[in-house]
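**Q**
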Amino acid sequence: MASRQFATFEVAEQLFGVEVHTVQEVLSYSEYTPVPLAPPAIGGLFNLRGQVIAAVDLRVQLGMARKALEGQVMNVILRGDGEPVSLVVDRIGEVVDLDDDTFEPPPDTLSGPTRDLVVGTFKLDGRLMLALDVNAAVDTLRVTT
Amino acid sequence: MEDLGEIVGEFLMESHENLDQIDRDLVELEQDPNSRDLISRIFRSIHTIKGTSGFLAFSRLEKLAHAGESLLSKLRDGVMPVTPTTITTLLATIDGVRSILAAIEETQAEGDVDIDTIIAQVNAQMNAGEEAPAAAPAPAAEAEAPEPLAEVPARVAPDPVDNQRKPIGEILVETGAAQASDVGSALAQQIEGDERKLGTILLDEGKAQPAAVSEALQAQTPKRSIADSAIRVDVDLLDTLMNMVGELVLARNQLVRGVMETGDATLVRSAQRLGMITSELQEGIMKTRMQPIEHIWSKLPRVVRDLSQSLGKQVQLVMQGKETELDRSLLEAVKDPLTHLVRNAVDHGIENPDQRIATGKGPEGTLTLRAYHEGGHVAVEVADDGAGLNVERIAQKAVENGLLRPDQIPNMDRRDIMAMVFQPGFSTAAKVTNVSGRGVGMDVVKTNIENIGGAVSVDSKPGEGTVWRLTIPLTLAIIQALTVDCGDQRYVIPQVAVLELVFIDGQSTKIEYASGAPVYRLRGKLLPLVRLDRALGLDVGGDQGVYIMVLQADGRRFGLVVDRVLNTEEVVVKALNSRFKDIGLYAGATIMGDGKVGLILDVSSLARRSHLTADAERQNLEASSRAAGAGGSGERLLVTAVGERRVAIPLDTVTRLEEFPRERIEHAGSREVVQYRGQILPLVRLSHLLGAYGEEPEGDTVSVVVYSEGARSVALVVDRIVDIAENSTTARRDAEEDGLVGTAVIQQRVTELLDVRRAILAADPNFYTDLENDELLVEA
Numbered sequence: 001m002a003s004r005q006f007a008t009f010e011v012a013e014q015l016f017g018v019e020v021h022t023v024q025e026v027l028s029y030s031e032y033t034p035v036p037l038a039p040p041a042i043g044g045l046f047n048l049r050g051q052v053i054a055a056v057d058l059r060v061q062l063g064m065a066r067k068a069l070e071g072q073v074m075n076v077i078l079r080g081d082g083e084p085v086s087l088v089v090d091r092i093g094e095v096v097d098l099d100d101d102t103f104e105p106p107p108d109t110l111s112g113p114t115r116d117l118v119v120g121t122f123k124l125d126g127r128l129m130l131a132l133d134v135n136a137a138v139d140t141l142r143v144t145t
Numbered sequence: 001m002e003d004l005g006e007i008v009g010e011f012l013m014e015s016h017e018n019l020d021q022i023d024r025d026l027v028e029l030e031q032d033p034n035s036r037d038l039i040s041r042i043f044r045s046i047h048t049i050k051g052t053s054g055f056l057a058f059s060r061l062e063k064l065a066h067a068g069e070s071l072l073s074k075l076r077d078g079v080m081p082v083t084p085t086t087i088t089t090l091l092a093t094i095d096g097v098r099s100i101l102a103a104i105e106e107t108q109a110e111g112d113v114d115i116d117t118i119i120a121q122v123n124a125q126m127n128a129g130e131e132a133p134a135a136a137p138a139p140a141a142e143a144e145a146p147e148p149l150a151e152v153p154a155r156v157a158p159d160p161v162d163n164q165r166k167p168i169g170e171i172l173v174e175t176g177a178a179q180a181s182d183v184g185s186a187l188a189q190q191i192e193g194d195e196r197k198l199g200t201i202l203l204d205e206g207k208a209q210p211a212a213v214s215e216a217l218q219a220q221t222p223k224r225s226i227a228d229s230a231i232r233v234d235v236d237l238l239d240t241l242m243n244m245v246g247e248l249v250l251a252r253n254q255l256v257r258g259v260m261e262t263g264d265a266t267l268v269r270s271a272q273r274l275g276m277i278t279s280e281l282q283e284g285i286m287k288t289r290m291q292p293i294e295h296i297w298s299k300l301p302r303v304v305r306d307l308s309q310s311l312g313k314q315v316q317l318v319m320q321g322k323e324t325e326l327d328r329s330l331l332e333a334v335k336d337p338l339t340h341l342v343r344n345a346v347d348h349g350i351e352n353p354d355q356r357i358a359t360g361k362g363p364e365g366t367l368t369l370r371a372y373h374e375g376g377h378v379a380v381e382v383a384d385d386g387a388g389l390n391v392e393r394i395a396q397k398a399v400e401n402g403l404l405r406p407d408q409i410p411n412m413d414r415r416d417i418m419a420m421v422f423q424p425g426f427s428t429a430a431k432v433t434n435v436s437g438r439g440v441g442m443d444v445v446k447t448n449i450e451n452i453g454g455a456v457s458v459d460s461k462p463g464e465g466t467v468w469r470l471t472i473p474l475t476l477a478i479i480q481a482l483t484v485d486c487g488d489q490r491y492v493i494p495q496v497a498v499l500e501l502v503f504i505d506g507q508s509t510k511i512e513y514a515s516g517a518p519v520y521r522l523r524g525k526l527l528p529l530v531r532l533d534r535a536l537g538l539d540v541g542g543d544q545g546v547y548i549m550v551l552q553a554d555g556r557r558f559g560l561v562v563d564r565v566l567n568t569e570e571v572v573v574k575a576l577n578s579r580f581k582d583i584g585l586y587a588g589a590t591i592m593g594d595g596k597v598g599l600i601l602d603v604s605s606l607a608r609r610s611h612l613t614a615d616a617e618r619q620n621l622e623a624s625s626r627a628a629g630a631g632g633s634g635e636r637l638l639v640t641a642v643g644e645r646r647v648a649i650p651l652d653t654v655t656r657l658e659e660f661p662r663e664r665i666e667h668a669g670s671r672e673v674v675q676y677r678g679q680i681l682p683l684v685r686l687s688h689l690l691g692a693y694g695e696e697p698e699g700d701t702v703s704v705v706v707y708s709e710g711a712r713s714v715a716l717v718v719d720r721i722v723d724i725a726e727n728s729t730t731a732r733r734d735a736e737e738d739g740l741v742g743t744a745v746i747q748q749r750v751t752e753l754l755d756v757r758r759a760i761l762a763a764d765p766n767f768y769t770d771l772e773n774d775e776l777l778v779e780a
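Those sequence lines, one after another, are chains A and B. Residue numbering for the first sequence follows the working numbering, beginning at 1 and increasing consecutively. Residue numbering for the second sequence follows the working numbering, beginning at 1 and increasing consecutively.
1. Just mark B:G9 as buried or exposed, buried being the case when its beta carbon has 16 or more other beta carbons within 10 Å.
2. Is it buried or exposed, B:G559, if we count other Cβ atoms within 10 angstroms and call 16 or more buried?
3. Please list the segments of the alpha helix (DSSP H) lying wholly inside the region 46-103 of chain B, counting only runs of 4 or more residues, in order along the chain.
4. Say whether chain A places a C-beta atom closer than 7 Å to the C-beta of B:A589.
5. Nearest chain B C-beta to A:P84 closer than 7 Å, yes or no?
6. For a contact meaning CB atoms closer than 8 Å, what does A:V35 contact in chain B?
7. Run through DSSP, which three-state label would B:I7 get?
8. Between B:L331 and the rest of its own chain, which residues show a CB-CB distance below 8 Å, the 5 nearest in sequence each way excluded?
9. Interface residues of chain B around A:P39 at Cβ under 8 Å?
10. Determine whether the Cβ of B:L781 lies closer than 7 Å to any Cβ atom of chain A.
11. What are the boundary residues of the alpha helix (DSSP H) that B:H348 is part of?
12. Inspect the beta-carbon positions of A:M129 and A:T8 and report whether they are closer than 7 Å.
13. Taking 7 Å as the CB-CB cut-off, is B:G595 touching chain A?
14. Tell me the rounded alpha-carbon separation between A:P34 and A:F46.
15. Exposed or buried, A:D108, counting other C-beta atoms within 10 Å across all chains shown (16 or more means buried)?
16. Which first and last residues belong to the alpha helix (DSSP H) in which B:R399 is found?
17. For chain A, check one thing: does any of its Cβ atoms lie closer than 7 Å to the Cβ of B:K574?
18. Who are the near neighbours of B:E147 in its chain, counting only those whose CB is closer than 6 Å to its CB and skipping five residues on each side?
19. When you compare the CB of B:E570 with every CB in chain A, is at least one pair closer than 7 Å?
20. Which same chain residues end up closer than 6 Å to A:V26 when comparing Cβ atoms and leaving out the 5 residues on each side of it in sequence?
21. Could you tell me the alpha carbon to alpha carbon distance between B:V346 and B:A497, rounded to whole angstroms?
22. Using 8 Å as the cut-off, can you tell me whether the region 559-575 of chain B makes contact with the region 535-548 of chain B, which would need three or more C-beta pairs spanning the two stretches below that distance?
23. Can you find the residues in the same chain that come closer than 8 Å, C-beta to C-beta, to B:I104, ignoring five residues on each side of it along the sequence?
24. Assign B:S70 to one of two classes, buried (16 or more other C-beta atoms within 10 Å of its C-beta) or exposed (fewer than that).
25. At least one CB of chain A closer than 7 Å to the CB of B:G537: is that the case?
26. Specify the secondary structure class of B:V756 as computed by DSSP and reduced to three states.
27. Would you list the residues sitting across from A:D99 in a DSSP beta bridge?
28. Beta-carbon separation of B:D543 and B:G487 under 7 Å?
29. Would you say B:G275 reaches chain A, if we count a Cβ-Cβ gap shorter than 7 Å as a contact?
30. Between the C-alpha atoms of B:S457 and B:V705, what's the straight-line distance to the nearest angstrom?
31. For B:Q489, return the contacting residues in chain A, with the cut-off set at a CB-CB distance below 9 Å.
32. How many angstroms separate the CA atom of B:N766 from the CA atom of B:V714?
33. Can you tell me the Cα-Cα spacing of B:S460 and B:Y676, whole angstroms?
34. What ranges does the beta strand (DSSP E) occupy inside the region 255-333 of chain B, keeping only unbroken runs of at least 3 residues that lie completely in it?
35. Suppose contacts are defined by Cβ-Cβ distances below 7 Å. Is A:V60 in contact with A:M74 by that definition?
36. My guess is that B:D23 and B:I94 are in contact by the Cβ rule of under 8 Å, so how many angstroms apart are they, rounded?
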């Protein structure tokens, strides 16, 4: 049975996942530099071992109010297209092995910005995990409706 | 298979280097046709390419290289003379080799580069040189014919190094640094069981100077050959190292700070030592990225040769300061502007031989490339001894293009007039050649150089020549910068843009407002101000206890209001993610001393955001030149505000922009008029014409757009001049409204396009009737 590994995390009590190979690392960080006039989904910039990384607030991308970047905030750093980019999330979950037969396309009832970011649903024990389209999730120029 | 890929890669790199060298050598050979050294060197290089391509089974490449080699062997053996035609043929052969190499690099195969034509050309050359008109040449397929070549080995094996190292004692005695008897006794001691080295014994006994001994030791180690002393390194690797060293510097700073607090003397010493080593390491890594400017100059002899030949000119290229080093990334950025300047100098700077002789110069012009260090910069000059720039013509052209007013010219410095050639769309070439004269280029040169924080200038003496001068920072990666506070955030401003700092206490120094626009009286002159907090869309703070940074960018001066100026430091510039490009306010980011990310402000774009001031016209022109430089070929529009509406007027119909004091407006009949340059200038208020009745704008002056044709002028009154924009019409719609020709979206705002003819007729119904007799330029 074909299976894939997903790194999971929570945003507003919902479990999301991205394929493990798209993740560079996960870390918590507390010092962000705001970028005035930047797209609203940009939470700020931070220094990852000398590299300047943009932190994309997944809440804003999902159409919610932005997260206050105070104290330690969890970042899922994605390899990105050429340069790493971070997704700001609430909590980090585990890495899970998921069989392809637990996968289903997103439910028709799912709408709004979330629908644009989600490629499918995985049925886990007791809860659902939404698989994110990594490129759409970090696309801050996307028009959020 | 992987190994083969690596071999091919190495072959490509090596061959490219060889080809560049051959290019240079061929051009040199043309100057000095009898140099057997040069011929042999070219021969060897081609032979190496041929040999390796044969080994790698690139048969077409081998065949082409072989043809070139055959021709060269004739030159070498003195059977044929070196003529410009043979050089051209050989250069064509080299170009052929280059295209095949490019094909190999791209597709791993030789591709279908046409080598037969080149080979036929080479053969024709050989036959022409060899056979006198007597017998008909043998059939064309005799690429094999001139085969008997002395086979030079593809790679010369390095001379076996003299393995027998000279004893150090012998060296010391030979150089007179030690007495033979002392060395003898020292040797005797060693034999008796003294385990110290000979040099040490001599030193300990004071029989030799330390310097002499170390010199002798160096002489003892065999010299490394060039091949052994240089290695190729991947640039990405260097960049990574550079980043890591940057991190190391930060870590060191934190460590040193922490250690200082503990006050432990031993730790402090170790930390200081670590600091020193880190600095040296940083310097060393920086050096690895430096390359001599020769790298980009090496292609120029060929450029000059080909160009001067096609133009029938004689040009000698002189290069001074080849070894001057620049950061790699900067070299890349300078390459194209430099090539353009060189082409321009050959095309326009240096005259034809006839003209040169007529003006008493030698037929051959000299083009000098000069590079040298100056302050923290590298200066690169392209100098020709040609006719020089025609200042009058430039001035005239600038007036024609609306860049200058005729009355400005007499007061202008010659150099300022010459600098007009850097304006977009400016070319004084009487004739457009395929080389230059299209008016594109000089502005691109300027933009490219300014993009890397450099500057361009030109100076010229009539009849003596022109000097183009590029001033380039040593490195892009590290800049001197000022850190400032604005709100609760810290920003970084490149120091090159900063002219001075002024503290505003609200008493002796204060910010004033000219109808809402903040200004500061800097030594009696008004300096337009930009509030950084406002520009960044943050909460706007007070006017007291703040600093004004007087900045200069794009030739304009303005003041940036910030809360606090902290210090100057060297910062390492990091490129900012593409998602921030659209904001346009940031030139990059950097990691600051505390490890946080700081944004580097783009001073030019801040300047662009500073609004129009009393000297509106000059700024408009600059804005228009930028618009033209950045955009395409769309028409340029003057955007004005009329009430709540934006109205655009084609810039080429505008003669002047003026501000008239309100009290100067007089009435003649039902019309408003102004006395202007000895004429009566009829005014038409666009707000009335377009029915945009709104509040009368405040202020003591009115802004007008003057339109003239022949001896007649009219003035269109607008509320405000907003900007000059390129009309790259995204959406355009014909208007039903009177007085307009349509609407368009300009700068994301709906803008109405004025029907100029209609507006003019409203001001002066007879405007066109006088003209129409002799001029039918204006359509009904």
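Idealized CB from N, CA, C, for every residue including glycine.
**A** Here's the rundown:
1. Result: exposed.
2. Residue burial annotation: B:G559 is buried, with at least 16 other C-beta atoms found within 10 angstroms of its C-beta.
3. Counting whole runs of 4 or more residues, the region 46-103 of chain B contains the alpha helix (DSSP H) stretches 59-76.
4. It does; some Cβ of chain A falls within 7 Å.
5. Judged by the 7 Å Cβ criterion, A:P84 is not in contact with chain B.
6. The answer, in chain order, is F580, I583, Y586 and L599.
7. Here B:I7 sits in helix by DSSP.
8. Closer than 8 Å at the Cβ level, and outside the excluded window around B:L331, lie Q291, I293, H295 and I296.
9. Near A:P39 (Cβ distances below 8 Å), the residues of chain B are R579.
10. With chain B running from 1 to 780 in the structure shown, residue 781 of chain B is simply not present.
11. Per DSSP, B:H348 belongs to no alpha helix (DSSP H) and is neither H nor E.
12. Yes, the pair counts as a contact, with Cβ atoms nearer than the cut-off.
13. B:G595 belongs to the set of residues whose beta carbon lies under 7 Å from a beta carbon in chain A.
14. About 9 Å.
15. Residue environment analysis places A:D108 among the exposed positions, since fewer than 16 neighbouring C-beta atoms fall within 10 angstroms of its C-beta.
16. This sequence places Val at residue 399 of chain B; Arg is not what is there. DSSP places B:V399 in the uninterrupted alpha helix (DSSP H) bounded by V391 to E400.
17. Cβ-Cβ to chain A under 7 Å: yes for B:K574.
18. In this prediction, B:E147 scores a pLDDT of 41, lower than 50, which makes its location untrustworthy; the coordinate-derived value is nonetheless stated afterwards. Excluding sequence neighbours, B:E147 sits near nothing in its chain.
19. For B:E570, the answer is no, since every Cβ of chain A falls outside 7 Å of its Cβ.
20. Cβ neighbours of A:V26 beyond the five flanking positions: V76 and I92.
21. Their Cα atoms are separated by approximately 34 Å.
22. The answer is yes - the region 535-548 of chain B touches the region 559-575 of chain B, with three or more Cβ pairs under 8 Å.
23. For B:I104, where only same-chain residues beyond five positions count, the Cβ hits under 8 Å are V8, L12, F58, L61, E110 and G111.
24. B:S70 should be labelled buried.
25. It does; some Cβ of chain A falls within 7 Å.
26. Helix at B:V756.
27. For A:D99, which the question treats as bridged, DSSP gives the partners A:S3.
28. B:G487 is positioned such that its CB atom lies no closer than 7 Å to that of B:D543.
29. Cβ-Cβ to chain A under 7 Å: no for B:G275.
30. Roughly 33 Å separates the two Cα atoms.
31. What B:Q489 touches in chain A: T33, P34 and P36.
32. Straight-line Cα distance between these residues: approximately 11 Å.
33. Taking the straight line joining both Cα atoms gives about 38 Å.
34. Listed in chain order, the beta strand (DSSP E) runs fully inside the region 255-333 of chain B are 290-292, 315-320 and 325-327, counting runs of at least 3 residues.
35. Between A:V60 and A:M74, the gap from beta carbon to beta carbon reaches 7 Å or more.
36. The Cβ separation is near 6 Å, so the contact holds.
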